[in-house]
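Visitor:
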Amino acid sequence: MKISLNGKQIDAGAGRTVLEAARAAGVYIPSLCDIPRLEPFGGCRLCLIEISGRRGYVPACCTSVEAGMTVLSETPALQKIRREILELILTEHPNACLICTEKESCDEHKSTIRKVGETTGCVLCPNNGRCELQDVVEAVGLDRVRFPAVYRNIDIKKTDPFFDRDYNLCILCGRCVRTCQEERGAGTISFIRRGSEAVVGTVLDVPLLEAGCQMCGACVDACPTGALTERALKYEQPAERTDSIICPVCGMGCRMDVSLLGGRIIGSRPAPDGPANGGQAGVRGRFLLREIPGSDLRITRPMIRRKKDLEEVEWAEALDFVAGRLKSFKKDEIGLVYSTQLTTEDIFALKKFGRDVLKTKRVLPSSASGAPDMMMDLAGTNGSISSLICDLNAVAEADTLVVCGSDLPRAHPIAWVNVLKALKKDAGLVVAGTADSSMDRHADVTLRVKPGGESALYGLLAGKMITNGREKSGALGPGSEKVFAFYESQKEKALLDSSGIEKMSSVETAAALLLKKGKTVILWDTGTVPDDREKEAAVHLWNLALLTGARLLPLSSTGNSRGAAEIRRSFAAEPTASAFTQDAAEGRIKALYLAGPFPVLKTKKTEFTVLQASFWSEASAKADAVFPAAVFAETEGTFVNTEGRLQYSPRVLEPPDGVKEDWRIVSLLSQMMNRGDFSFKNASGILKEASEAVPSFAGATLGRLKDSTGRFLKSAGDNPLKLILPPEKPMTIPTNKSYPLLLECRDSADGYRELLFAVAHPGFALLRDPEAVWLNPKDAKSLKLGDGDPIKVSFLGGSFGAVARLSDGVPVGAARTIYAGGLLPELSFVPPASVFPVKITRGQ
Amino acid sequence: MSKLNVSSLDSLRNKILKKRKKDKTIVTICGGTGCHAYGCMELAEAFKAEVRARKLTNRVEVRTTGCHGFCERGPIVVIQPQEIFYQRVKGSDIDEIFDLTILQNKLVDRLLYVDSASGEKIVEEKNVPFYKLQKRIIFGNNGFIDPTDIEDYIALDGYRALAKVLEGMTPEDVIAEIEKAGLRGRGGAGFPTGEKWEICRGYKADQKYIICNADEGDPGAYMDRSLLEGNPHSVIEGMIIGAYAIGATEGYIYVRMEYPLAVKNIAQALEDARRMGLLGDSILGSKFSLDIHVFKGAGAFVSGEETSLMASIEGRRAFPRQKPPFPAEQGLWGKPTNINNVETWANVPVILSKGAAWFGKIGTRKSKGTKIFSLVGKINNTGLVEVPMGMTLREIIFDIGGGIKDGKKFKAVQTGGPSGGCIPADMLDSPIDFDTLNKAGSMMGSGGMIVMDEDTCMVDVARYFLHFTQEESCGKCVPCRIGNRQLVDILTRITKGEGKAEDLKTLRSLASTIKSGSLCGLGQTAPNPVLTTMRYFEDEYIAHIEKQSCPALVCKDLIVYFIEPDKCVGCLLCIKSCPVDAISGERREVHVIDQELCIKCGACLDVCPAKVGAVSKYTGKKKTAVLKKSVKREKP
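Same order as they appear, the protein sequences are chains A and B. Remember, our numbering sits 891 above the position in the first sequence when you count from 1. Remember, our numbering sits 303 above the position in the second sequence when you count from 1.
Here it is in structure tokens:
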């Protein structure tokens, strides 16, 4: 489609706005409020244009191109209006520096820096130099403001973590408000008040945290001025360079642009072209990455405990010491724990180290890869997983979405961003879970199950598909008659009761949405320790997906859970977390090699403990040897995100002196112990070996991944999918008088390796308290507990201390906690399952 | 009651009329908001008690009706069927009204209206000049209808137009009739209603909406309020017909929460209509279904703008959005929506029952029908007037409005609310219609008419209106939010005598940027008061700026109060009234104002007896002279 712009014919793709078309054609039309991915706003009025045949002036950002349109953007009348509007904006914004005739020399020589005050100029603005208002003033060539300044004198809002809000610098473009509402579905901020007092704020102007903000920072990234600024960057110099890495924290695989200065990461922003995240991130990637490499808790020297105390030694001595001790243990006597936030190459090397060097089958990931792992377990003979699982893009394109067991905005923020994209196109949303969440107000139906009631619900829904006439086609595989018969014989009422859902009508509404034509995606997450009950849930979801033609997105909790799940399949089966703990407690595991956070560092029966860690934790003081390991930005390697997207992440930082990559440490040990083939020179070599050993990695090389948007893993074979017969008797979790409440543990990757974000940054503790156990106020009342009271949570096999928090969103008889890897001393426990019976009493 | 259909509606009407054909005296008491403020409800209760006390329930009926319009003279009581018009009736008058008028058919002389021009006493409502010159086709039934009684509306041919439409007209017929009538939107812009409906009808959608815009926000305007309060069914009937024409099945009445009586009456009317089968499924037994909801607005002025009104209904902040797409294409919840003002809807049943040809005879060539104005300000007969389009301002202000209060001189009239403009005396003979007002730099708006006399400072007026719009700007677009604030700041400076030579140029330039750069109608019209006052009263601006003088003696910073020594009789009245003890003097001696202490409240001027008239206001050079001579008050 062609349009004429200022007398020139330009190509303007259909469906674009005139502003977008002009930008694409390299014609500058000033604008401050437009962000192409948001709904047009038309507030700043700087992009006004004239269109032949239309009355008056229209904003280019709100006007769609039409074939043959004749547009003028630089007429004298428009320039006059534009200049005057910009002058008006500057009456409310410090402008002394913007229109100063000496500004160029000032940038260089700071000749006039003392001539302006903090509130009138740019020199002390944290956004100086990356301010869109500066750019527009420059482009329009404004050199005076005829109107008197109006300083609004609004208190700077500094009580929230991570960023400050100085609305004296705000130009009310609404980009933050719209981003918060449209892209993140949070709606935490809005315009408040009217007229010249209009400003951006929360309801009743309470702090962001009180207004339910998840601190994703998308508003900060959208702000064109210095009104919203990251506090940590306020007093930093401009970065020396920016590099793109993959965030290792949660399973979304966000590509982040990290700013580097003096060998430090000073900040991280979502890469606008990030293949998985497309310019969005969550709080952990946005504000916490900078806390990781430079943490005070970094371990930088190898240490061994010859006698009483740990002492720093040279690498050679430490390796020799550890190699000697490890050799003394027999087959399967050593337990190995590896972090799933490491690179694929590190994980592969560690797994190989366990098998070939430590010669043990007792190898455990520090965080379960619950949902992806379980679906992969079901696949194989029942069908090829790749035809069932989908990517995030399919989420955005879906017509119906079912979110099972996850508070997406908190735990999987990018998945939520994609759900919102679908909702914008009128997709239906079913939210099934045990507690309330901010997703509920977007949902067509919310299915509130009791902890452990999920499997009953999914079974009920699958059955509804059949009773509602979903065709019993042979395409669902041999043996599907039995599955049909199973579901038809289900007792709906009983299932409803065991699911804990109040009304059958809400299940029916959800079923009706699932039966609607169109693309359906089911997003699913398990609890902290996936148990048999969740396996049963997985079977029902598998069948539900097949019966509705839906795609599944099993969500992985940490940065490389999915990669670990793939690698695991090429090694011996791993024990469960509780079996591992029991083995350690009962002396079948005599030595521990911990390359990942694990709560039980030492039992009475543990003879020797090696820690391969990046950070000091309460636990590391008890180790017999400590190897300092590199963190994500110090290691080259790959990560597999929840979609199965294999992405390359470069080494952008030198590790501190004395720190080595995980794969290198185990390679050195293997050489020292003369066991296994560990002649790896670099990550590239490990990936080469992994790509031969792990079928889904076949053909992957670091070289090829470097300059790509990542590649999707392929599962071997193309078996047709078939229905799976669920277990005859649905599983339930019995409570009893001694343990009357059901505690649900959810993982949300609130740390990196041994570093808890709540410890690394006090602000994060305000947002997500790792010590909190949420209770229904009714239960709290009968336990005589108030909000904030210390409690003791006991279960069969252990206990831990926590803080009681009250929420109506938790069902009566239930309790919830975000499991923080057991890294806080008082929280040091291994949950026996995702949901288990507990007793709560007042603690100290 | 069972649901009505087309034929049973007629028989119901006959039944009602038959029931009422008795020799009953009906005391109608105006229940409009103006009369409410005068205590009409207590008066009505007192009348009812008197009826019971005198055991006249068979002979006398007391009814509270909608607003009669002549708010200046409330509470208004009209005795039917004789149409005896009593004004400013108090509880103490009730006995006499019963003794003389009701029992003996005699007049209570002192309660009759006296024509100020001729001095004659006027008995019948219709002969009061205020009413005589009006053409009350929309508003006229208000005085006969108890708005809470649907039977009253039906008795006066209510819902007959709807029956006619549902019985034998296609939606296209309805639209053609409205187009033929030449009805233009009464909300302000004057867009042809039929055309609007046709555009909306043209869009295919699974759901369409109609909206009645009752977010009346102009200061001094209350005609929509009085219609909703006084004759809600006429609006509902219009909406049902409109919905039928465009194919809408759901409607909203967006009314300000500050109009509790309107909310109550319209909600009751909707309930009654639903109950009788005039709303809901299969209206009057036809295949057409529609329901209408009341939505209470929170009182933001900008919510009257159609796109922000819809945003408000959707539960979002009342932000307007760029048009196109127009509501007819993408309105409420993205569906085709037709939105009309209260008065427009009320015109619809009238046109359909009396015919487009009849309607077309009223008004001018391009502006058909009547328009209701709220006549307020420095005028003798404050109230709501309905006049045919094309009547001159002079007729409205002087013949109907009874001229300027206290025999002062007319200076200007502000039409169209805060977005309108001020029209000067030499344009008094121009006819009132959409296009003439636009040409004069003002607009019809919703019909507010604020009359100003010679004591009004036009710079101050412009500042007042700008201050209003500036405060009511939604804050979304820069020209309106900041530009209007700057306009106010400049005007405020001028009224303080701190104007600069270039201010007029800046005002003009900024006003034009705001008009052409703003997103919605609020911003696009906000500078009108400045532009029109500068156009017609530039000399006043120049006086303020160049001579620091306020010719109308209004702007506090530019005037002084002065006690004329040759007139002052030394009565101490002003000394006692001065709140800041700025006046000194002994009994029978000349009093003197200490100009340094004086806060220019004007209390001394108010209390100085008219026959003495010793307190004067001065501005400009005379002010300077007074200040030079000013003496400090001696402390006693």
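Glycine included, every Cβ here is placed at the ideal spot set by N, Cα and C. These numbers were taken from a predicted model, which means no experiment stands behind them.
(1) Report the partner residues of B:Gln-633 according to the DSSP bridge assignment.
(2) Against chain A, with Cβ distances strictly below 7 Å, would B:Leu-822 count as a contact?
(3) Say whether chain A places a C-beta atom closer than 7 Å to the C-beta of B:Thr-798.
(4) Nearest chain B C-beta to A:Ala-1671 closer than 7 Å, yes or no?
(5) Which chain B residues sit within Cβ distance under 9 Å of A:Ile-980?
(6) To which residues of the same chain is A:Gly-1487 closer than 6 Å at the C-beta, ignoring the five residues directly before and after it?
(7) Give the C-beta separation of A:Phe-1530 and A:Trp-1554 to the nearest angstrom, bearing in mind that I take them to be a contact with Cβ-Cβ under 8 Å.
(8) To the nearest angstrom, how far is it from the Cα of A:Gly-1594 to the Cα of B:Leu-822?
(9) Using a cut-off of 7 Å between C-beta atoms, extract the partners of B:Glu-775 located in chain A.
(10) When you compare each of A:Pro-1139, A:Thr-1500, A:Lys-1048 to A:Leu-1217 by their alpha carbons, which one comes out closest?
(11) Do three or more CB pairs link the segment 721 to 729 of chain B to the segment 819 to 833 of chain B at distances below 8 Å?
(12) What are the residues that DSSP puts in a beta bridge with A:Ser-1150?
(13) Along the segment 304 to 328 of chain B, what residues have a CB closer than 9 Å to any CB found in chain A?
(14) Output the boundary residues of the beta strand (DSSP E) element that contains B:Gln-267.
(15) Going along chain B, which residues have a C-beta under 8 Å from A:Tyr-948?
(16) Please state whether DSSP places B:Pro-939 in a helix, a strand or coil.
(17) Please report the straight-line C-alpha distance between A:Val-1068 and A:His-1431, rounded to a whole angstrom.
(18) Between which two residues does the alpha helix (DSSP H) containing B:Lys-803 stretch?
(19) Please list the segments of the beta strand (DSSP E) lying wholly inside the segment 683 to 764 of chain B, counting only runs of 3 or more residues, in order along the chain.
(20) Would you please verify whether the beta carbon of B:Gln-717 is less than 7 Å from any beta carbon of chain A?
(21) Using the C-alpha atoms, what's the distance from A:Lys-1048 back to B:Thr-816?
(22) Report buried or exposed for B:Ile-902, applying the criterion of at least 16 other Cβ atoms within 10 angstroms of its Cβ.
(23) Report all residues from its chain with a CB closer than 7 Å to the CB of B:Lys-806; omit the five preceding and five following residues, and keep chain order.
(24) Quick check on B:Thr-922 - is its C-beta less than 7 Å from some C-beta in chain A?
(25) Nearest-angstrom Cα distance between B:Ala-660 and B:Lys-483?
(26) Using only alpha-carbon positions, find the residue among B:Gly-719, B:Arg-362, B:Arg-357, B:Thr-367 that is nearest to B:Glu-348.
(27) Does any residue of chain B have a CB that is nearer than 7 Å to the CB of A:Glu-975?
(28) Suppose you measure from the CA of B:Pro-939 to the CA of B:Lys-711; what does that come to, to the nearest Å?
(29) Counting only beta-carbon separations shorter than 7 Å, does A:Ala-1089 have a partner in chain B?
(30) Who pairs with A:Tyr-1042 in a beta bridge, going by DSSP?
(31) Can you grab the Cα-Cα spacing for the pair B:Leu-875 / B:Tyr-844, in whole Å?
(32) Going by CA-CA distance only, name the one from A:Asp-1327, A:Gly-1343, A:Val-1684 that's closest to A:Val-1336.
(33) According to the neighbour-count rule (16 or more other Cβ atoms, all chains shown, within 10 Å of its Cβ), is B:Gln-390 buried or exposed?
(34) Using a Cβ-Cβ cutoff of less than 6 Å, which residues in the same chain neighbour A:Lys-1312 once the five nearest sequence positions on both sides are dropped?
(35) Put A:Ala-1113 into one of helix, strand or coil per three-state DSSP.
(36) Is the closest heavy atom of the ligand ATP to the C-beta of B:Tyr-844 under 6 Å?
Guide: Looking at the atomic coordinates:
(1) For B:Gln-633, which the question treats as bridged, DSSP gives no partner whatsoever.
(2) Yes, because at least one Cβ of chain A sits closer than 7 Å to the Cβ of B:Leu-822.
(3) No, B:Thr-798 lies away from the interface with chain A (no Cβ there is under 7 Å from its Cβ).
(4) No - not a single Cβ of chain B is within 7 Å of the one on A:Ala-1671.
(5) Within 9 Å Cβ-Cβ: Val-781, Ile-785.
(6) Sequence-distant partners of A:Gly-1487 (beyond 5 residues in either direction) whose C-beta falls short of 6 Å from its own C-beta, in its chain, are Val-1228, Tyr-1229, Ser-1230, Ser-1257.
(7) Not quite, the Cβ-Cβ distance comes to about 14 Å (not below 8 Å), so this is no contact.
(8) Approximately 52 Å between the Cα atoms of the pair.
(9) The contacting residues are Arg-1085, Gly-1086.
(10) Checking every option, the nearest Cα to that of A:Leu-1217 belongs to A:Thr-1500.
(11) Short answer: they touch.
(12) Here A:Ser-1150 is bridged, per DSSP, to A:Thr-1133, A:Gly-1158.
(13) Within the segment 304 to 328 of chain B, no residue qualifies.
(14) Since the first residue of chain B shown is 304 and the last is 939, residue 267 of chain B is not available in this structure.
(15) Proximity of chain B to A:Tyr-948 at the Cβ level (cut-off 8 Å) is accounted for by Ser-819, Gly-820, in chain order.
(16) The predicted model places B:Pro-939 with a pLDDT of 48, which falls under 50 and marks its position as unreliable; any figure quoted below should be read in that light. It is coil, neither helix nor strand.
(17) A:Val-1068 and A:His-1431 have their C-alpha atoms roughly 40 Å apart.
(18) Segment: none, B:Lys-803 is in no alpha helix (DSSP H) and carries neither H nor E.
(19) The qualifying runs are 686 to 691, 713 to 718, 724 to 727, 751 to 756.
(20) B:Gln-717 has a beta carbon lying at 7 Å or more from every beta carbon in chain A.
(21) In a straight line, the C-alpha of B:Thr-816 is about 34 Å away from that of A:Lys-1048.
(22) Residue environment: B:Ile-902 is assigned as exposed (fewer than 16 neighbouring CB atoms within 10 Å of its CB, all protein chains considered).
(23) One detail in the question is off: residue 806 of chain B reads as Asp in this sequence, not Lys. These residues qualify, in order along the chain: Ile-793, Ile-797, Ile-848.
(24) Using beta-carbon distances, B:Thr-922 does not count as an interface residue toward chain A, since no partner is under 7 Å.
(25) Roughly 8 Å between the two C-alpha positions.
(26) With respect to the C-alpha of B:Glu-348, the residue from B:Gly-719, B:Arg-362, B:Arg-357, B:Thr-367 having the closest C-alpha is B:Thr-367.
(27) Output row for A:Glu-975: interface = yes.
(28) The predicted model places B:Pro-939 with a pLDDT of 48, which falls under 50 and marks its position as unreliable, so this point remains unresolved.
(29) So yes, A:Ala-1089 belongs to the interface.
(30) None, per the DSSP bridge assignment.
(31) Each residue's Cα considered, the two are about 37 Å apart.
(32) If we check each option's Cα against that of A:Val-1336, A:Asp-1327 comes out closest.
(33) B:Gln-390 is buried by the Cβ-count criterion.
(34) The answer, listed in chain order, is Ala-1287.
(35) Three-state DSSP puts A:Ala-1113 in a helix.
(36) Looking at this structure, you won't find the ligand ATP or any other ligand, since it has none at all.
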